[in-house]
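Working notes, beginning with the structure itself.
Protein chains: 2
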Amino acid sequence: MKTIETCLTPEMLKYHDLSNKTVVVIDIFRATSCIVTALAHGVVSIIPVATVEEAKVLQSEGYLTAAERHGSKVEGFDLDNSPFSYLNPALKDKTIGLTTSNGTQAIHAAQEAGAYQVLIGSFLNISALENYLTQKAEGICLLCAGWKGKVNLEDSFFAGAMLERFLGNFTSINDDCALAYATYLAGKDNPLRFLESSAHYHRLETLGNHADITFCLQQGIYHNVPILQGNTLVNV
Amino acid sequence: MKTIETCLTPEMLKYHDLSNKTVVVIDIFRATSCIVTALAHGVVSIIPVATVEEAKVLQSEGYLTAAERHGSKVEGFDLDNSPFSYLNPALKDKTIGLTTSNGTQAIHAAQEAGAYQVLIGSFLNISALENYLTQKAEGICLLCAGWKGKVNLEDSFFAGAMLERFLGNFTSINDDCALAYATYLAGKDNPLRFLESSAHYHRLETLGNHADITFCLQQGIYHNVPILQGNTLVNV
Numbered sequence: 005m006k007t008i009e010t011c012l013t014p015e016m017l018k019y020h021d022l023s024n025k026t027v028v029v030i031d032i033f034r035a036t037s038c039i040v041t042a043l044a045h046g047v048v049s050i051i052p053v054a055t056v057e058e059a060k061v062l063q064s065e066g067y068l069t070a071a072e073r074h075g076s077k078v079e080g081f082d083l084d085n086s087p088f089s090y091l092n093p094a095l096k097d098k099t100i101g102l103t104t105s106n107g108t109q110a111i112h113a114a115q116e117a118g119a120y121q122v123l124i125g126s127f128l129n130i131s132a133l134e135n136y137l138t139q140k141a142e143g144i145c146l147l148c149a150g151w152k153g154k155v156n157l158e159d160s161f162f163a164g165a166m167l168e169r170f171l172g173n174f175t176s177i178n179d180d181c182a183l184a185y186a187t188y189l190a191g192k193d194n195p196l197r198f199l200e201s202s203a204h205y206h207r208l209e210t211l212g213n214h215a216d217i218t219f220c221l222q223q224g225i226y227h228n229v230p231i232l233q234g235n236t237l238v239n240v
Numbered sequence: 005m006k007t008i009e010t011c012l013t014p015e016m017l018k019y020h021d022l023s024n025k026t027v028v029v030i031d032i033f034r035a036t037s038c039i040v041t042a043l044a045h046g047v048v049s050i051i052p053v054a055t056v057e058e059a060k061v062l063q064s065e066g067y068l069t070a071a072e073r074h075g076s077k078v079e080g081f082d083l084d085n086s087p088f089s090y091l092n093p094a095l096k097d098k099t100i101g102l103t104t105s106n107g108t109q110a111i112h113a114a115q116e117a118g119a120y121q122v123l124i125g126s127f128l129n130i131s132a133l134e135n136y137l138t139q140k141a142e143g144i145c146l147l148c149a150g151w152k153g154k155v156n157l158e159d160s161f162f163a164g165a166m167l168e169r170f171l172g173n174f175t176s177i178n179d180d181c182a183l184a185y186a187t188y189l190a191g192k193d194n195p196l197r198f199l200e201s202s203a204h205y206h207r208l209e210t211l212g213n214h215a216d217i218t219f220c221l222q223q224g225i226y227h228n229v230p231i232l233q234g235n236t237l238v239n240v
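See the structure below:
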């Protein structure tokens, strides 16, 4: 039987056996939503790196680079962590180096933990993800990026939205799934209102990023599934 | 304003500042339910220890001792981790040494993390806890013991039940609260049925402990609030 499990933060990844598992990295506000948007709009690949220093090296090698820390763009880089920045036609066929507070860390954590495959998940590509996983995955791990090691509401909520689509065909094998699914049920009728209570929503609002939040909550507007090949994210 | 936060497993305690916080340790299946039951029925104090070796030392010093690992009693000890074992009138006025897989570890983790106060929570004493905390606590941390580091459903569910009683008077300060509360809402109408899907429920059922589960889900039948004084649990 196919299995599905949820990991509420990368801190808990050590309790998951990822061999033969397809890991879906989730950082809906905003890294994974940006990655999906960029690759949907013609960016050819994204190199996710864990540190600002690594992003600087990529910049020195001539790559366009994006860096975010604490919700804001890091001084000196080309792009920030807003999905609107990736709608720019000038980015077509480019490769972008990217580092963010949580999402790119989670991608690396999944890779280091020996994941069979690493995909990028967001509401923007949720239907494409569902189709791909239903056809290709034997075991799924929904990895919430969280916020600096902590559990967060929005990524747990998204994991629950994925679970609703899979619980008929995949067996849930850990209790994190029940928490994520309950969280989705509690908020699905009005996601924006529900997520207003989350810590990161407040952080983004304070930084003036309300439009990013509503953008990231659009369901299934893109049809690409980003996958990690070596150290680079490309569309499947 | 008074605050309330939830910590879904002791692994995440490092993200909580516990100075001035009253920590409620939660391991409803079954350690904290046993502790409440024992102290409600005349046991005078309980010494929670992290390891089986420490429990053996207490036994060699003449204490009655209880030890549980993987859901079962450890060979050679006097008592197991079933609340029914603590209804015995012969235990009146005794002090008991106790080690369990998760609950006693969480008690020590809270103490080591610098908690201002450590209380013991379960459905059995939920109303007494509510009264005590409403009157005495300035900040509350609901610490779920989980299962060997992982998040579990039943302790998260109980944290949600506590949150329902406090969200009017205390401000929730982390996203774990939203997950726990959603979990409670999803299962409150039929806790037994809801918790059937949890990993530990299956473990206890397999070991023949169904009666323990229904016992532990009784709400407010005891009126004591166990508190850690030095290294010993006594009633407030």
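Chains C and P supply the protein sequences, listed in that same order.
The numbering of the first sequence is this note's numbering, which starts it at 5 and goes up by one.
The numbering of the second sequence is this note's numbering, which starts it at 5 and goes up by one.
We put the beta carbon where it would ideally sit given N, CA and C, even for glycine.
From a predicted model like this one, the values you see are computed outputs, not experimental measurements.
| Item | Value |
| --- | --- |
| Excluding the 5 residues flanking Val27(C) on each side, which residues of the same chain have their C-beta closer than 6 Å to its C-beta? | Ala114, Ala119, Val122, Cys145, Leu147 |
| To the nearest whole angstrom, what separates the beta carbons of Phe162(P) and Phe127(P), a pair I think is in contact under 8 Å? | 6 Å |
| Put Lys140(P) into one of helix, strand or coil per three-state DSSP. | helix |
| Does the Cβ-Cβ distance between Gly143(C) and Leu133(C) come in under 7 Å? | no |
| Whole angstroms are fine: how far does the CA of Leu208(P) sit from the CA of Ala71(P)? | 16 Å |
| Does DSSP put Val56(C) in a helix, in a strand, or in coil? | helix |
| Counting only Cβ pairs nearer than 9 Å, list the residues of chain P close to Leu211(C). | Per Cβ cutoff of 9 Å: no residues; Leu211(C) is ~18 Å from chain P at best. |
| Output the residue ranges of the beta strand (DSSP E) runs that lie fully inside the stretch 135-185 of chain P and measure 3 residues or longer, sorted by chain position. | 143-148 |
| In chain P, what lies closer than 8 Å to Lys140(C) by C-beta? | Neighbours of Lys140(C) on chain P: none; closest Cβ ~26 Å, over 8 Å. |
| For Ser89(C), which of helix, strand or coil comes out of DSSP? | helix |
| When the Cα atoms are used, what is the spatial distance from Val240(C) to Glu158(C)? | 25 Å |
| What's the C-alpha gap between Leu48(C) and Ile225(C)? | Note on identity: in this sequence residue 48(C) is Val, with Leu being the wrong assignment. So the two alpha carbons sit approximately 19 Å from each other. |
| Is Leu196(P) helix, strand or coil by DSSP? | helix |
| When you compare the CB of Asp216(P) with every CB in chain C, is at least one pair closer than 7 Å? | no |
| For Pro230(C), which beta-bridge partners are listed by DSSP? | Asn239(C) |
| Closest to Asn228(C) by CA distance: which of Ala44(C), Phe88(C), Ile8(C) is it? | Ala44(C) |
| Below 7 Å CB to CB, which residues in the same chain sit around Gln222(P) once its five sequence neighbours on both sides are set aside? | Phe127, Leu128 |
| Mapping the DSSP letters down to three states, classify Thr187(P) as helix, strand or coil. | helix |
| In the structure shown, what three-state DSSP assignment does Thr298(C) receive? | Nothing about residue 298(C) can be reported from this structure: the residues present for chain C run from 5 to 240 only. |
| Between which two residues does the alpha helix (DSSP H) holding Thr10(P) run? | It is not in any alpha helix (DSSP H) - Thr10(P) instead sits in the beta strand (DSSP E) that spans 7-11. |
| Helix, strand or coil for Leu17(P)? Go by DSSP, reduced to three states. | helix |
| Under 7 Å Cβ to Cβ from Cys181(P), same chain only, skipping five residues before and after it: list those, please. | Ile8, Glu9, Thr10, Leu167 |
| Would DSSP call Arg73(C) helix, strand or coil? | strand |
| Measure the C-alpha to C-alpha separation of Ile100(P) and Leu17(P) and round it to an integer number of angstroms. | 27 Å |
| By the DSSP assignment, the beta strand (DSSP E) with Leu123(C) in it spans what residues? | 121-125 |
| Provide the residue span of the beta strand (DSSP E) that contains Val40(C), from first to last. | Element bounds for Val40(C): not the beta strand (DSSP E) but the alpha helix (DSSP H), 35-44. |
| By the DSSP assignment, the alpha helix (DSSP H) with Ile217(C) in it spans what residues? | 214-220 |
| Only counting the same chain, and skipping five residues up and downstream in sequence, which positions put a Cβ closer than 7 Å to that of His74(C)? | Ser105 |
| Which one or two residues does DSSP pair with Thr99(C) in a beta bridge? | Ser49(C) |
| Do the stretch 26-41 of chain C and the stretch 171-191 of chain C touch if we need at least three Cβ pairs shorter than 8 Å? | no |
| For the beta strand (DSSP E) containing Ile30(P), list its first residue and its last residue. | 26-30 |
| Answer yes or no: the CB of Ala54(C) versus the heavy atoms of the ligand NAD, is any distance below 6 Å? | The ligand NAD is not part of this structure, which contains no ligands at all. |
| What does Met5(P) touch in chain C if you count any residue whose Cβ is under 7 Å from its own? | Within 7 Å Cβ-Cβ: nothing; Met5(P) doesn't reach chain C, min ~15 Å. |
| Are any of the Cβ atoms in chain P nearer than 7 Å to that of Thr187(C)? | yes |
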